[in-house]
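*Asks:* Structure in structure tokens, see below.
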Amino acid sequence: AEVISGGSFFLLLIVTACASLILGMGLPTTATYIVMASLTAPVIVELSTSYNTAVPLIAAHLFCFYFGILADDTPPVGLAAYAAAGIAKTAPMATCIQGFLYDIRTAIIPFMFMFNTDILLINVSSIGWAVVVFIMTVLGTCAFASLIQGWLFIKNRWFDSVFLAIVTLFLLNPKW
């Protein structure tokens, strides 16, 4: 992972997310966490120090676990999507792909854990700041979802999308 990332912490997270998606395919939830906690979370924590970034252990575990669980909807295995297709009486692969497209929009959330540990309430000492972080996170996530889906209250125009992208970046990283 270190060689593939080429010295970029963000690329390391992308590689780890892909590995977690692949390793989590076909595993039940408990097994997914055991595999992710033992294989991918230690890599993030150990390599983060070489990138001059301090990653809390809980953030690394949540990052890997999130992508491991996301594997339940990832084609071609998509166990959760196949179960949903049986209930909805739809084509399993079409349901799997549609579920994955819905889920991948939320892939920004674990990256938020890594770059903004305030979301996990690490070193947040006041209730006021916790409320501010909560509101900023909700608004930033809503702005990102609207950007990705192309709709807010009406269909987004190009300048709406630019505005939502800027809002997303600023709200999800309060240090900016």
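The numbers in my numbering rise by one with no breaks, and the one at position 175 of the sequence shown is 735.
The C-beta atom is built at its ideal place from N, Cα and C for all residues, glycine as well.
These numbers come from a predicted model, not from an experiment.
Where does the unbroken alpha helix (DSSP H) through Asp670 begin, and where does it stop?
*Replies:* Per the sequence shown, residue 670 should be read as Pro rather than Asp. It spans 668-675 - the alpha helix (DSSP H) in which Pro670 sits, taken as one unbroken run.
*Asks:* Flag this pair as yes or no: are the beta carbons of Asp633 and Phe660 separated by less than 8 Å?
*Replies:* Result yes, Cβ atoms of Asp633 and Phe660 sit closer than 8 Å.
*Asks:* Leaving out five residues on either side along the sequence, give the residues of the same chain with a beta carbon under 6 Å from the beta carbon of Val637.
*Replies:* The residues are Met585, Gly586.
*Asks:* Looking at the secondary structure, which residues open and close the alpha helix (DSSP H) in which Asp663 lies?
*Replies:* 652-664 is the span of the alpha helix (DSSP H), which, as asked, contains Asp663.
*Asks:* Given Thr697, which residues of its chain have a CB within under 6 Å of its CB, disregarding the five upstream and five downstream residues?
*Replies:* So the list reads Ile679, once near-sequence residues are dropped.
*Asks:* With the cut-off set at 8 Å, would you say Phe569 and Ser608 are in Cβ contact?
*Replies:* Going by C-beta atoms, Phe569 is nearer than 8 Å to Ser608.
*Asks:* Pick out whichever of Cys702, Arg717, Trp718 has its Cα sitting closest to the Cα of Phe553.
*Replies:* Outside the shown range of the chain (561 to 736) lies residue 553, about which nothing can therefore be said.
*Asks:* Distance check for Val605 and Phe623, CA to CA, integer angstroms please.
*Replies:* Approximately 11 Å, taken between the alpha carbons.
*Asks:* Note down the Cα distance separating Asp720 from Leu573, rounded to an integer number of angstroms.
*Replies:* Going from the Cα of Asp720 to the Cα of Leu573 covers about 29 Å.
*Asks:* Using only the alpha-carbon positions, how far apart do Ile682 and Ala620 sit?
*Replies:* Straight-line Cα distance between these residues: approximately 13 Å.
*Asks:* Give every residue of the same chain whose Cβ lies closer than 8 Å to the Cβ of Ile708, excluding the five residues on either side of it in the sequence, and list them in chain order.
*Replies:* Closer than 8 Å at Cβ, skipping near neighbours: Arg665.
*Asks:* Beta-carbon within less than 6 Å of Asn716's beta-carbon, same chain only, minus the 5 sequence neighbours each way: which residues are those?
*Replies:* Once the five neighbours on either side are set aside, the close Cβ partners of Asn716 are Gly710.
*Asks:* In chain order, what residues of the same chain lie with their CB nearer than 7 Å to the CB of Ser565, ignoring the 5 residues before and after it?
*Replies:* Excluding sequence neighbours, Ser565 sits near Leu571, Leu572, Val575.
*Asks:* Counting along the chain, where does the alpha helix (DSSP H) carrying Pro602 start and finish?
*Replies:* Run containing Pro602: 601-610, per the alpha helix (DSSP H) assignment.
*Asks:* In whole angstroms, what is the alpha-carbon distance linking Pro635 and Ala597?
*Replies:* When rounded, the distance between both Cα atoms is 23 Å.
*Asks:* Answer yes or no: do Phe625 and Ala577 have a C-beta to C-beta separation smaller than 8 Å?
*Replies:* Going by C-beta atoms, Phe625 is not nearer than 8 Å to Ala577.
*Asks:* Smallest Cα separation from Leu617: which of Thr600, Ile714, Ile629?
*Replies:* It is Thr600 whose Cα lies nearest to the Cα of Leu617.
*Asks:* Taking its Cβ as the centre, do 16 or more other Cβ atoms sit within 10 Å of Ile629, making it buried, or is it exposed?
*Replies:* By the 10 Å Cβ count, Ile629 comes out buried.
*Asks:* So, Ala643 versus Cys656, is the Cβ gap smaller than 8 Å?
*Replies:* In this structure, Cys656 does not lie closer than 8 Å to Ala643 by Cβ.
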